[in-house]
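Residue numbers for the sequence shown follow numbering that gives the first Met the number 0, so the first one is 0 and each next one is one higher. Ideal placement from N, C-alpha and C gives every residue a C-beta, glycine not left out.
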Amino acid sequence: MPLLAIETTCDETAAAIISPERHVLSSVVASQDELHARWRGVVPEIASRAHVERIIPVIDQAIQKAGIRKTELRAVAVAIRPGLIGSLLVGLSAGKAIAGTLRIPLIGYDHLAAHLYASRIAFGEELTYPAIGLVASGGHTSLFHLKNPIDLEALGGTIDDAIGEAFDKVASLLGLGYPGGPQLEKLALKGNSRSHRFPRPLAKDSSRLDFSFSGLKTAVRYQIQPPGMTSPRCLSDQERADLAASFQQAAVDSVVAKVSLAIQKTSCRIVAVGGGVTANKLLRTALEKLGQQHCAKILIPPIHLCTDNAAMGGIGWEHIERNEIADLELDVLPNVYRKKKQQPKRHGASHQ
Ligand code: KG4
Ligand code: ZN
Numbered sequence: 000m001p002l003l004a005i006e007t008t009c010d011e012t013a014a015a016i017i018s019p020e021r022h023v024l025s026s027v028v029a030s031q032d033e034l035h036a037r038w039r040g041v042v043p044e045i046a047s048r049a050h051v052e053r054i055i056p057v058i059d060q061a062i063q064k065a066g067i068r069k070t071e072l073r074a075v076a077v078a079i080r081p082g083l084i085g086s087l088l089v090g091l092s093a094g095k096a097i098a099g100t101l102r103i104p105l106i107g108y109d110h111l112a113a114h115l116y117a118s119r120i121a122f123g124e125e126l127t128y129p130a131i132g133l134v135a136s137g138g139h140t141s142l143f144h145l146k147n148p149i150d151l152e153a154l155g156g157t158i159d160d161a162i163g164e165a166f167d168k169v170a171s172l173l174g175l176g177y178p179g180g181p182q183l184e185k186l187a188l189k190g191n192s193r194s195h196r197f198p199r200p201l202a203k204d205s206s207r208l209d210f211s212f213s214g215l216k217t218a219v220r221y222q223i224q225p226p227g228m229t230s231p232r233c234l235s236d237q238e239r240a241d242l243a244a245s246f247q248q249a250a251v252d253s254v255v256a257k258v259s260l261a262i263q264k265t266s267c268r269i270v271a272v273g274g275g276v277t278a279n280k281l282l283r284t285a286l287e288k289l290g291q292q293h294c295a296k297i298l299i300p301p302i303h304l305c306t307d308n309a310a311m312g313g314i315g316w317e318h319i320e321r322n323e324i325a326d327l328e329l330d331v332l333p334n335v336y337r338k339k340k341q342q343p344k345r346h347g348a349s350h351q
């Protein structure tokens, strides 16, 4: 009996049916790109409303495509963390309703662990543990040590923007639409990646496995609108392509430097990668090359499993096998990976 997985962490409404052997029987993704394009970024309120409209048809379609009946479902797994609160709640409510009415187990899973589990879905037992995990997405750029599919130990992460966010912002500066990553990649094909030497912040710092993309983004911005100028320069198509290619190269170099360092520091020779930015061809090729250099196995799933999808929610089976079943009190954890800000100490404040 298969598992229904639901994914609504951001702006894709997705459902998939996965067998106990982790075979994907169906996977449906309804993208909201066209709804957010005019705002050049995801608008949380629009995202949650669109999830409400789409979630039931998407689930129905996944069940139909898998050629099963609802009553044949073994369990429902829902991405409950991290993500946009309204979006997460829509997926969880649907999952609760289905699990409750069919009286089948409900499982809450982690979206980042699921991105890394996409390698298990794509490559089966080739993904062994311990492993290194790289998530490069719109909201995260993180390196993990994976003892198993579920327990992620953070090795490092971005100290400012996520890499996907930087792709989207630079794309916007270059006048491209949303989501910017794929469009920037396309423009970069016509450009010279050596035309500008942009910074690779933290890349040479071998003491830490953290990333930083905000300085890189600002460096591109200054090329387009130098400090002191009140409006952007008028760029030729070739100049725009050169900027895109040079930015992309710097972003990819920054990621590759830290994956290389993680391999050296942990002596792990298996790396699972996931998240929308790992759909980027330059990054995929650079990671493959890195794997050859270090004699490491870098597992890069096919593109449809890198961007948000529910097939990676097959991780729900790992929770079932551990007997980690939730009840209907299950709640979402939108900011679970966000570092807590230190409260400033106030003089004279009493300790509580
Ligand atoms: O994993 P994902 O689908 O959603 C999140 O969990 O954030 O990642 C979305 C991000 C967006 O920033 C998008 O621009 C970026 O992945 N992206 C790409 C490419 N395809 C998607 N960035 C660079 N090159 C691509 N081909
Ligand atoms: Zn994602």
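heavy atom of ligand 2 below 7 Å from residue i C-beta
| i | result |
| --- | --- |
| T157 | no |
heavy atom of ligand 1 below 7 Å from residue i C-beta
| i | result |
| --- | --- |
| G132 | no |
| G370 | With the chain represented from 0 up to 351, any question about residue 370 goes unanswered, as that position is not in the structure. |
| T12 | no |
| A278 | yes |
| G190 | no |
| P301 | no |
| D167 | yes |
| P178 | yes |
| P129 | no |
| E184 | yes |
| E52 | no |
| P148 | no |
| P43 | no |
| A181 | As written in the sequence, residue 181 is Pro, which differs from the Ala given in the question. Yes; taking the cut-off as 7 Å, the Cβ of P181 has a heavy atom of ligand 1 nearer than that. |
| E6 | no |
| G275 | yes |
| E20 | no |
| C233 | no |
| E164 | yes |
| G174 | no |
| G138 | yes |
| C294 | no |
| C267 | no |
Own chain partners of residue i with C-beta closer than 8 Å, once the 5 adjacent residues on each side are dropped
| i | result |
| --- | --- |
| P198 | G214, L215, A218, A249 |
| E238 | none |
| I17 | P1, L2, A4, V23, L24, I120, A310, G312, G313, G315, W316 |
| N308 | E6, E11, A13, A15, S26, V28, A117 |
| E71 | M0, P1 |
| A65 | P1, I16, L24, S25 |
| K203 | A256 |
| I158 | L201, D209, F210, S211 |
| R207 | G155, L201 |
| C9 | V41, A46, G82, L83, S86, G137, G138, D307 |
| K296 | E125, R268, I269, V270, G290 |
| G190 | Q237, R239, A240, D241, L242, A243, A244, S245 |
| D32 | D10, Y177, P178 |
Whole-Å CB distance - residue i paired with residue j, under 8 Å assumed
| i | j | result |
| --- | --- | --- |
| G179 | A170 | 2 Å |
| L286 | I269 | About 13 Å separates the two Cβ atoms, so there is no contact after all. |
| D167 | G273 | About 18 Å separates the two Cβ atoms, so there is no contact after all. |
| A161 | G137 | 6 Å |
| V276 | R80 | Contact flag wrong, Cβ pair sits at about 20 Å. |
| S245 | S194 | 5 Å |
| L374 | A243 | Limits of the chain in this structure are 0 at one end and 351 at the other, which puts residue 374 out of reach. |
| G107 | L329 | 5 Å |
Cβ neighbours of residue i in the same chain (closer than 6 Å, five flanking residues each side left out)
| i | result |
| --- | --- |
| L58 | Reading the sequence as shown, one finds Ile at residue 58 and not Leu. Here the set comprises A14. |
| A271 | L115, S118, L126, A130, G132, L298 |
| Q351 | Confidence at Q351 is low in this model, with a pLDDT of 33, below 50, so the placement of that residue is unreliable and no value is reported for it. |
| S141 | V134, G156 |
| K338 | none |
| H293 | I262 |
| N322 | none |
Own chain partners of residue i with C-beta closer than 7 Å, once the 5 adjacent residues on each side are dropped
| i | result |
| --- | --- |
| R232 | I223, Q224 |
| G94 | I5, V75, V77, L105 |
| Q182 | A170, L175, G176 |
| Q60 | V27 |
| L172 | V219, R220, I223 |
| A112 | P148, I149, L151, I314 |
| R73 | M0, P1, L2, I103 |
With ligand 2 as the reference, list in chain order each residue whose Cβ lies under 5 Å from any of its heavy atoms.
Near ligand 2, meaning a Cβ closer than 5 Å to any of its heavy atoms, lie the following residues in chain order: S136, D307.
Does the structure place the stretch 82-100 close enough to the stretch 43-56 that three or more beta carbon pairs sit under 8 Å?
yes
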